[in-house]
Amino acid sequence: MTLLDLPVRPLTPLLEMHLGAGIRAAQRLHGGDISDTFRLDTTRGPFVLKTSPQKAGRRLPDGFYAAEAHGLGLLRPAPFVTPDVIAHGSGPAGQPYLLLSWLPPGEDTPAAQDALGRGLAALHARPAPGFGGLPDNYFASLPQRNPPAASAAGFFWTARLEPLLTRERLHLTPRDRAGFDTLRERLPDLVPPEPPALVHGDLWHGNVHYTPRGPALIDPAVGFSHREVDVAALRLFGGVPRRVFQAYHEAYPLADGWEARAALWNLYPLLAHLRLFGEGYLGRTREALHAALNPR
Numbered sequence: 038m039t040l041l042d043l044p045v046r047p048l049t050p051l052l053e054m055h056l057g058a059g060i061r062a063a064q065r066l067h068g069g070d071i072s073d074t075f076r077l078d079t080t081r082g083p084f085v086l087k088t089s090p091q092k093a094g095r096r097l098p099d100g101f102y103a104a105e106a107h108g109l110g111l112l113r114p115a116p117f118v119t120p121d122v123i124a125h126g127s128g129p130a131g132q133p134y135l136l137l138s139w140l141p142p143g144e145d146t147p148a149a150q151d152a153l154g155r156g157l158a159a160l161h162a163r164p165a166p167g168f169g170g171l172p173d174n175y176f177a178s179l180p181q182r183n184p185p186a187a188s189a190a191g192f193f194w195t196a197r198l199e200p201l202l203t204r205e206r207l208h209l210t211p212r213d214r215a216g217f218d219t220l221r222e223r224l225p226d227l228v229p230p231e232p233p234a235l236v237h238g239d240l241w242h243g244n245v246h247y248t249p250r251g252p253a254l255i256d257p258a259v260g261f262s263h264r265e266v267d268v269a270a271l272r273l274f275g276g277v278p279r280r281v282f283q284a285y286h287e288a289y290p291l292a293d294g295w296e297a298r299a300a301l302w303n304l305y306p307l308l309a310h311l312r313l314f315g316e317g318y319l320g321r322t323r324e325a326l327h328a329a330l331n332p333r
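Heads up, the sequence shown is in my numbering, so the first residue is 38 and it goes up one at a time.
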């Protein structure tokens, strides 16, 4: 495609001002259900643009890219590569944008997998002030609250599960909801005590990017939460080798039963997918709820 064919066109003068460079071409990148993402080839080298033309039925929430930029900033300094935030804001007709540095692709090698596990352990070992207490942000396009909480279990219920369970179009039956009521009562006993940790918050394998400089994390939905949130998310859709978890466990051992508890933590992204994409996720949500209430 040429530059004129793409949603980049209305933003071009503004982007060139931020970059201090001319844009030669734009190439659409794969992935993402929320943003249109492009590699921009410029006179200063490549950059990444995320944008979403404000069309009827498709409008990003206010502050969406500002929240993403804030999350990327919190992940620094970290043992990971994270893209630099060049600029974010609104262009003509209110079209939002986020301009990032380009991260060249690298190889998914055993050494890179070990680095991912150790790096995530180091991120989680970084002291955090408490559970919650960050500005509200987004999980995918859904609002994500981050109020302070006294415990990991309390935060997970009040800031993650409960807000989704009160939303419409979840396709849950009265029996499903009764199961979540039981989970709420039992949650303090199901969650092992841990200090709060900064978590990426949406760490499925598609948000891990291997680069020549090491593993990179993108598209965060950060929070101060229980560290098993991220470990569980890496297991949700597969694609992450077991050696990543072995490297993590060697660097920062997980409490017994962490693998069985993945179903508990993954109730949040599964409910979010149920809300966003429909009842195709209902079966997996029910399976996870059953597993959470009946840990092995």
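Glycine included, each C-beta is placed from N, C-alpha and C at the ideal position.
Proximity to residue i [Cα-Cα], best of the options
i      : options                           : result
Leu307 : Leu330, Gly276 and Ala270         : Ala270
Val281 : His237, His242, His55 and Gly315  : His242
Leu171 : Ala186, Ala159 and Ala158         : Ala186
Pro332 : Leu319, Arg312, Asp293 and Leu157 : Asp293
Asp213 : Arg312, Pro50 and Leu326          : Leu326
Tyr247 : Thr195, Pro147 and Val45          : Pro147
Arg217 : Leu198, Leu235, Leu52 and Phe314  : Reading the sequence as shown, one finds Phe at residue 217 and not Arg. Ranking the options by Cα distance to Phe217, first place goes to Leu198.
Leu97  : Phe314, Ile71 and Arg81           : Ile71
Val118 : Ala63, Gly143 and Ala130          : Gly143
Leu313 : Met54, Gln150, Pro44 and Leu201   : Leu201
Pro116 : Arg272, Ala62, Asp151 and Leu207  : Asp151
Leu319 : Arg206, Ala288, Arg182 and Ala124 : Arg206
Gly251 : Ser188, Trp295 and Gly156         : Gly156
Thr195 : Thr210, Pro211, Trp139 and Leu220 : Leu220
Ala159 : Arg61, His286, Val45 and Arg323   : His286
Thr74  : Val45, Ala329 and Arg182          : Val45
His310 : His208, Leu48, Tyr134 and Asp99   : His208
Gly276 : Leu240, Pro211 and Pro290         : Leu240
Pro290 : Gly131, Leu112, Pro229 and Thr79  : Pro229
Arg204 : Pro225, Pro180 and Gly191         : Pro180
Phe373 : Ala215, Asp145, Arg321 and Gly131 : Here the chain comprises residues numbered 38 to 333, so residue 373 is not present and cannot be evaluated.
Arg323 : Gly191, Thr210 and Arg272         : Thr210
Ala328 : Gly317, Glu316, Leu227 and Gln132 : Leu227
Asp145 : Pro278, Asp78, Trp295 and Gly315  : Pro278
Identified DSSP bridge partners for residue i
i      : result
Arg76  : Gln64 and Val85
Val245 : Leu254
Leu136 : Leu86 and Ala124
Gln181 : Asn174
Phe168 : Ala186
Ala234 : Ser262
Whether residue i touches residue j by CB criterion (8 Å)
i      : j      : result
Pro257 : Gly108 : yes
His237 : Phe193 : no
Pro233 : Phe168 : yes
Pro249 : Pro129 : no
Val122 : Ala106 : yes
Ala23  : Gly110 : Residue 23 cannot be examined here, being either before or after the span of the chain that is shown, 38 to 333.
Arg8   : Leu66  : Nothing about residue 8 can be read from this structure; the chain reaches only from 38 to 333.
Glu231 : Ala189 : yes
Asn244 : Leu254 : yes
Trp48  : Tyr102 : Sequence check: residue 48 is Leu here, not Trp. Cβ atoms of Leu48 and Tyr102: not closer than 8 Å.
Leu52  : Ile60  : yes
Arg223 : Leu330 : yes
Ser138 : Pro114 : no
Asn183 : Gly100 : no
Leu43  : Ala58  : no
Leu136 : Ala124 : yes
Collapsed DSSP secondary structure at residue i in the structure displayed
i      : result
Pro129 : helix
Ala115 : coil
Ala189 : helix
Ala93  : Only weak support exists for where Ala93 lies, its pLDDT of 49 falling under 50; the value from the coordinates is given anyway. Note: Ala93 maps to coil in three-state DSSP.
Pro306 : helix
Asn174 : strand
Tyr285 : helix
Phe274 : coil
Val268 : helix
Gly156 : helix
Ala149 : helix
Pro50  : helix
His208 : coil
Pro200 : helix
Arg323 : helix
Ala215 : helix
Glu144 : coil
Ala300 : helix
Leu330 : helix
Gly57  : coil
Arg223 : helix
Leu337 : Residue 337 is absent from the structure shown; the chain starts at 38 and stops at 333.
Ala292 : coil
Any C-beta of chain D under 8 Å from that of residue i
i      : result
Leu201 : Annotation note: the requested chain D is absent from the structure, which comprises a single protein chain.
Specify whether the stretch 76-91 and the stretch 160-175 touch according to this definition: at least 3 beta carbon pairs, one from each stretch, less than 8 Å apart. no
Using 8 Å as the cut-off, can you tell me whether the stretch 267-283 makes contact with the stretch 297-315, which would need three or more C-beta pairs spanning the two stretches below that distance? yes
So does the stretch 166-180 actually touch the stretch 306-324, counting three or more Cβ pairs closer than 8 Å? yes
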